[in-house]
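Structure record follows, encoded as structure tokens.
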Amino acid sequence: MAANAFGIDLGTSNIKIYNREEDSIFNERNMIAIEKRKKVIAIGDEAFDMYERAPESIDIFSPMRNGVIADINNMQILLNGMLKKSAKKGIRNSDYYIAVPTDITEVERRAFYHLIYNSDVKAKNVYVVEQSVADALGLGLDVTHAKGVMIVNIGADTTEISIISIGGIVLSKLIKTGGNKFDQSIISSVKREHNLVIGSKTAEYLKMELASALSGMEMTAKVYGRDVVTGLPKEIEISSGLIYEAIEEQLRSIVDAIKITLERTPPELAADIIDSGIYLTGGSSNIRSFDELIEKETDLNVNFFKDASESVARGLAKIINEDDFRDLAYSMKDKPNY
Ligand SMILES: Nc1ncnc2c1ncn2[C@@H]1O[C@H](COP(=O)(O)OP(=O)(O)OP(=O)(O)O)[C@@H](O)[C@H]1O
Numbered sequence: 049m050a051a052n053a054f055g056i057d058l059g060t061s062n063i064k065i066y067n068r069e070e071d072s073i074f075n076e077r078n079m080i081a082i083e084k085r086k087k088v089i090a091i092g093d094e095a096f097d098m099y100e101r102a103p104e105s106i107d108i109f110s111p112m113r114n115g116v117i118a119d120i121n122n123m124q125i126l127l128n129g130m131l132k133k134s135a136k137k138g139i140r141n142s143d144y145y146i147a148v149p150t151d152i153t154e155v156e157r158r159a160f161y162h163l164i165y166n167s168d169v170k171a172k173n174v175y176v177v178e179q180s181v182a183d184a185l186g187l188g189l190d191v192t193h194a195k196g197v198m199i200v201n202i203g204a205d206t207t208e209i210s211i212i213s214i215g216g217i218v219l220s221k222l223i224k225t226g227g228n229k230f231d232q233s234i235i236s237s238v239k240r241e242h243n244l245v246i247g248s249k250t251a252e253y254l255k256m257e258l259a260s261a262l263s264g265m266e267m268t269a270k271v272y273g274r275d276v277v278t279g280l281p282k283e284i285e286i287s288s289g290l291i292y293e294a295i296e297e298q299l300r301s302i303v304d305a306i307k308i309t310l311e312r313t314p315p316e317l318a319a320d321i322i323d324s325g326i327y328l329t330g331g332s333s334n335i336r337s338f339d340e341l342i343e344k345e346t347d348l349n350v351n352f353f354k355d356a357s358e359s360v361a362r363g364l365a366k367i368i369n370e371d372d373f374r375d376l377a378y379s380m381k382d383k384p385n386y
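Here it is, written out as structure tokens:
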């Protein structure tokens, strides 16, 4: 029997690890800090704390890009370190369940599997789970039944929109828009409007404080940055209106992708979705009134969950612990050329 079982949701911004033995979810930033291109000096939240503060000799980055593994060697080092951090024992000879986006290439999919299979955790078994299936289970939906559900996961680099029925994916679309793109737009807008250079952590703070998916909110927040003209540090008050203008285009592209997916949904499943509504998940679904915007634009009910950023990990926990859902995980070994 396997020593333990872990469920892994590798996000561009955060890595979430479910540990069966401790029945807990570990959630830290998916970041690694490397000094002089050789020495790993920090991982996870500790690396994130150094981000945009460290000298040039230290590179700090996420080994994931647009929802897929961009740097497998560093992702492996990071994952091993995070597993050791998250679990007191049972890392070796355990079963590993990894969530993978659906709308990616076979090469990208294989990289998730090999990340675990080739790592020094010496996994007993490696199983792959479609990310949106785990997401739906984590929200408390029983996806093994015939009823169709639509899951919209708005993450950091990506938004994945999926239609699930009878435990399988009927349609899935991954678009390269999410929280990180909102942050980048906020940086550009603050620079254009106020001649102020801010870092991405400040942009994320402004997003969390002031962003709304609907116009009309009136709030302000003070931030520090560097004045482009004088080169000196400066404090400025930013309005929610500016943040709305900065992210409006990206909000629209997410709504448009949802509409396109709905248009392509088979009619019987569309009827189910009208009945049950759209399920909104992922960290960026926390932007104020996102559910209201989607409801307004699609005329469908939107179900929003406050702690949705860990729903994939909670879904993996269900697959690990409940026999009824075990078949939702599959081994890549059963497929040729793996
Ligand atoms: N309260 C909040 N308001 C707005 N955005 C938030 C909030 N909380 C988290 N976020 C954003 O959610 C994103 C992280 O979400 P999540 O953990 O679902 O992404 P991920 O799985 O790492 O990314 P991806 O799915 O793109 O690989 C970040 O961009 C973060 O800024």
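Residues in the sequence shown are numbered from 49 upward in steps of one, following our numbering.
From the three backbone atoms N, C-alpha and C, an ideal C-beta is built for every residue, glycine too.
Any non-hydrogen atom of ligand 1 closer than 8 Å to residue i Cβ
i: Thr60; result: yes
i: Gly203; result: yes
i: Thr268; result: no
i: Ala305; result: no
i: Ser301; result: no
i: Ala259; result: yes
i: Ser357; result: yes
i: Asp93; result: no
i: Asn122; result: no
i: Met130; result: no
i: Gly226; result: yes
i: Met256; result: yes
i: Ile335; result: yes
i: Gly188; result: no
i: Asp57; result: yes
i: Asp231; result: yes
i: Glu76; result: no
Local Cβ density within 10 Å of residue i, reported as buried at 16 or more and exposed below that
i: Arg362; result: buried
i: Gly186; result: buried
i: Arg240; result: exposed
i: Pro315; result: exposed
i: Ile117; result: buried
i: Ser288; result: buried
i: Glu370; result: exposed
i: Met49; result: exposed
i: Asp183; result: buried
i: Lys224; result: exposed
Integer-rounded CB distance, given that residue j should sit under 8 Å from residue i
i: Thr313; j: Ile321; result: 7 Å
i: Asn62; j: Ser357; result: 7 Å
i: Asn128; j: Val169; result: 7 Å
i: Leu376; j: Gly55; result: That pair is no contact at about 12 Å.
i: Gly196; j: Ile211; result: 6 Å
i: Val200; j: Tyr327; result: 7 Å
i: Ile139; j: Lys132; result: 7 Å
i: Ala7; j: Leu310; result: Nothing about residue 7 can be reported from this structure: the residues present for the chain run from 49 to 386 only.
i: Ser142; j: Asn52; result: 4 Å
i: Val176; j: Ile146; result: 6 Å
Bridge partner(s) assigned by DSSP for residue i
i: Pro281; result: Arg274
i: Ser213; result: Gly216
i: Glu208; result: Asn201 and Leu222
i: Asp231; result: DSSP output for Asp231 lists no bridge partner at all.
i: Lys366; result: Answer by DSSP bridge pairing: none, since Lys366 is not bridged.
i: Arg85; result: Answer is none; Arg85 lacks a bridge partner.
i: Ala90; result: Ala81
i: Glu76; result: Ile63
i: Phe54; result: Asn67 and Tyr144
i: Asn173; result: Asp143
beta-carbon residue i near ligand 2 non-hydrogen atom, thresh 8 Å
i: Thr206; result: Absence of ligand 2 is noted for the structure shown, with ligand 1 being the only ligands found.
Test: residue i CB closer than 9 Å to a CB of chain C
i: Ala365; result: Looking at the structure shown, chain C is missing, and only one protein chain is on hand.
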